[in-house]
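Residue numbers (my numbering), protein chains in the order written: chain A, 150 to 350; chain B, 46 to 528.
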């Protein structure tokens, strides 16, 4: 138990620290790297509570795809981040005020609620004897099969849409044509000329 | 663990599999040839799917563990949606070829959008509803922006996308509130718990969620106060896309709205009626007055859509069988009129360029009397002049409203129809009494003429044989409204 608790605190602390650094880092590339660190630690937290599939998905999807995409965008777009932050101090009082009001409202909402003294039995994440991945898979491919398929169709449409809107066949682009390269013969392209000394062609 | 029942969803499965196959085939054909074959194949697929829906028929049946429901209501709307979608796909290729954007993806996107619409009509849980709405609208965003070199089309697509995402957010928030406060996603369970004989009162939070859901639907239907995107998208998108967006998706969205409001939340009529009345009122008034100053016919049609959705909501506010029947008849007639009008707009080409201002229609009766006649019939019908179909559509919804004690709302509806009649009939006046503008090109597009003529014939002859539509709509309405 203590080992798990220790791991939890380490992961949680690193997650929070990394999240703070995401918005505090001056260099946007560093921000993205801290974001990746935060993702990794969150994945660790998820595995710690027994949701290993979600944890792995977090690594695969967010670190593997989303963060890399962010990195590309940050590196390829020439955004002047210093300029973006210029108004920060100017709007700080207003933002702080809105945040304070929200906080007060939250406190009021929570304060008016009667907190139950007895906690109901925690719902089990998975049925006994079945691991997390298997339980999710069973649900997805039985009760939610229709929705799972629908999500697949939506992704297919997204691919078609992206290709439709962005693929261009540019006639001036020079593409590699391997067949044409292989079929080139020396006599088509080479010419042997006799060059007399002291004169060009 | 529930067994996987697919039976009632066979039409959807068929459409999905054939659309995917068509995508696979078209991707490997030469581009020009692929664009040529996909349109007719897509039209045929949509019609075959409609026949399959008829073959599967009514009779309430659940599929996929209760997320999907097939009944008379769904069958009625699906057939209509598919036929109208087929019509809007059929009229597209001429314009797309002229504007050099004939792409094989266009009919395919329309097919996937139609699949989403069918799933919307059959959605029987909050999650299925959300998935279906996303599937139907994602292709619409792409289609609106398909003319990628045009700044206006790109603007239309982006606007539609961003505001559509906002609407999805509202919808999802509403769905999460309903789920959070009731603990279930399934409509059947909600119906059982909150609309049955020994119904429990709906938690307040779920009611707030319902309002958010209605806001999301109102956005998809272009109803006030969520109508802002409509004129810009209608004007900026290529005309065939506008036709597609204006016709079939509205049917599906109305179907979804009706199902959600009457099945799981059927006991809450008094609560949601206030919202629906407000939306109806705003839409009717804005649709009537904002269209007066328009000079672009596509923009005018956008305000016309807003107004018509308002009239349909009058029937919805009645909350009775006749009200739902009125809404279904209204939307069916609206979709046909819209289809016909856009077929006419697609014929407005002058010297190889498409024109879309009202003044271009001046004196059309002399240069093209048949097109002018079709357009005049459709305009009179949109205005609601008897004995055309549009009159009966309005008659049924207003009648239902009066029966439900909402006489004042019906009166507002009649008054705004009078205002709206001004701009519809102005188009007729332009065509018949103004000095002729230059004649339009003689287009050899039998499909446009067919669709325009069929729609005009429908609105003109509906009065002679209204029974099939009325009885089908009534049978569909009875499924939703128990008594």
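Beta carbons are placed, not taken as given, at the ideal position from N, Cα and C, and that holds for glycine. Small disclaimer: the values here were computed from a predicted structure and weren't measured.
Residue i (DSSP reduced to helix, strand or coil)
i              : result
residue 176(A) : coil
residue 151(B) : helix
residue 400(B) : coil
residue 46(B)  : Confidence at residue 46(B) is low in this model, with a pLDDT of 42, below 50, so the placement of that residue is unreliable and no value is reported for it.
residue 524(B) : helix
residue 34(B)  : What the structure shows of chain B is the stretch from 46 to 528, and residue 34(B) is not part of that stretch, so it cannot be assessed.
residue 231(B) : strand
residue 300(A) : helix
residue 287(A) : helix
residue 168(B) : strand
residue 35(B)  : Chain B is shown from 46 up to 528; residue 35(B) falls before or after that span and cannot be answered.
residue 239(B) : helix
residue 491(B) : helix
residue 239(A) : helix
residue 348(A) : coil
residue 281(A) : helix
residue 485(B) : coil
residue 295(A) : helix
residue 256(A) : helix
residue 269(B) : coil
residue 220(B) : helix
residue 411(B) : helix
residue 356(B) : helix
Range covered by the beta strand (DSSP E) that runs through residue i
i              : result
residue 114(B) : 113 to 115
residue 339(A) : Premise fails: residue 339(A) is in no beta strand (DSSP E) and is neither H nor E.
residue 107(B) : 106 to 108
The alpha helix (DSSP H) enclosing residue i, as first and last residue numbers
i              : result
residue 214(A) : Where residue 214(A) is concerned, there is no enclosing alpha helix (DSSP H), given that its DSSP letter is neither H nor E.
residue 446(B) : 434 to 448
residue 78(B)  : 76 to 101
residue 254(B) : 249 to 266
residue 368(B) : 366 to 390
residue 469(B) : 452 to 478
residue 425(B) : 414 to 428
residue 140(B) : 137 to 143
residue 57(B)  : 55 to 73
residue 331(A) : 327 to 332
Reference residue i; option with closest CA among the options
i              : options                           : result
residue 209(A) : 188(A), 287(A) and 165(A)         : 188(A)
residue 158(B) : 295(B), 274(B) and 271(B)         : 295(B)
residue 312(A) : 178(B), 223(B) and 150(B)         : 150(B)
residue 51(B)  : 292(A), 163(A) and 322(A)         : 292(A)
residue 300(B) : 446(B), 57(B), 496(B) and 162(B)  : 162(B)
residue 452(B) : 493(B), 411(B), 514(B) and 363(B) : 363(B)
residue 104(A) : 224(A), 199(A) and 194(A)         : Residue 104(A) lies beyond the residue range present for chain A, which begins at 150 and ends at 350; the question has no answer from this structure.
residue 103(B) : 122(B), 229(B) and 72(B)          : 122(B)
residue 433(B) : 441(B), 423(B) and 442(B)         : 423(B)
residue 88(B)  : 186(B), 130(B), 69(B) and 431(B)  : 130(B)
residue 224(B) : 197(B), 204(B), 205(B) and 257(B) : 257(B)
residue 223(A) : 180(A), 193(A), 331(A) and 260(A) : 180(A)
residue 91(B)  : 406(B), 101(B) and 133(B)         : 133(B)
residue 382(B) : 178(B), 81(B), 240(B) and 502(B)  : 502(B)
residue 203(A) : 331(A), 281(A) and 310(A)         : 281(A)
residue 113(B) : 347(A), 298(A) and 178(A)         : 298(A)
residue 296(A) : 208(B), 165(B), 197(B) and 215(B) : 165(B)
residue 370(B) : 517(B), 347(B) and 70(B)          : 517(B)
residue 53(B)  : 266(B), 498(B) and 110(B)         : 110(B)
residue 145(B) : 442(B), 440(B) and 80(B)          : 80(B)
Residue-level contact to chain E via CB, residue i, 9 angstroms cutoff
i             : result
residue 79(B) : No chain E appears in this structure, whose protein chains are A and B.
Cβ contact check for the stretch 340 to 349 of chain A and the stretch 79 to 98 of chain B: 3 or more pairs under 8 angstroms: Three or more Cβ pairs closer than 8 angstroms define a contact, and the stretch 340 to 349 of chain A falls short of that threshold against the stretch 79 to 98 of chain B.
Secondary structure, alpha helix (DSSP H): runs of 4+ residues fully inside the stretch 271 to 354 of chain B: The qualifying runs are 274 to 281, 284 to 291, 293 to 307 and 314 to 334.
The stretch 387 to 394 of chain B contacting the stretch 445 to 463 of chain B, beta-carbon criterion three pairs below 8 angstroms: Between the stretch 387 to 394 of chain B and the stretch 445 to 463 of chain B, the count of Cβ pairs shorter than 8 angstroms is below three; the stretches do not touch.
Touching by the beta-carbon criterion (3+ pairs, under 8 angstroms), the stretch 295 to 304 of chain B and the stretch 159 to 175 of chain B: Cβ pair count under 8 angstroms is three or more, so yes.
Three or more C-beta pairs below 8 angstroms linking the stretch 259 to 275 of chain B and the stretch 325 to 334 of chain B: Three or more pairs of CB atoms, one per stretch, sit closer than 8 angstroms, so the stretch 259 to 275 of chain B contacts the stretch 325 to 334 of chain B.
Contained beta strand (DSSP E) runs [length at least 3] in the stretch 156 to 209 of chain A, N- to C-terminal order: For the stretch 156 to 209 of chain A, not one full-length beta strand (DSSP E) segment reaches 3 residues or more.
Given 8 angstroms, three or more beta-carbon pairs between the stretch 300 to 317 of chain A and the stretch 176 to 194 of chain B: Touching, yes.
Alpha helix (DSSP H) runs wholly inside the stretch 168 to 192 of chain B, at least 4 long, in chain order: The stretch 168 to 192 of chain B contains these whole alpha helix (DSSP H) runs: 171 to 189.
The stretch 274 to 286 of chain B contacting the stretch 192 to 211 of chain B, beta-carbon criterion three pairs below 8 angstroms: Between the stretch 274 to 286 of chain B and the stretch 192 to 211 of chain B, the count of Cβ pairs shorter than 8 angstroms is three or higher; the stretches touch.
Inter-stretch contact at 8 angstroms, needing at least 3 Cβ pairs: the stretch 331 to 346 of chain B / the stretch 467 to 487 of chain B: As far as the Cβ criterion goes, the stretch 331 to 346 of chain B touches the stretch 467 to 487 of chain B, which means the pair count is three or higher.
At least 3 beta-carbon pairs within less than 8 angstroms: the stretch 479 to 497 of chain B vs the stretch 347 to 363 of chain B: Flag = no, the stretch 479 to 497 of chain B and the stretch 347 to 363 of chain B do not touch.
At least 3 beta-carbon pairs within less than 8 angstroms: the stretch 408 to 417 of chain B vs the stretch 512 to 526 of chain B: Contact fails: fewer than three Cβ-Cβ distances are below 8 angstroms.
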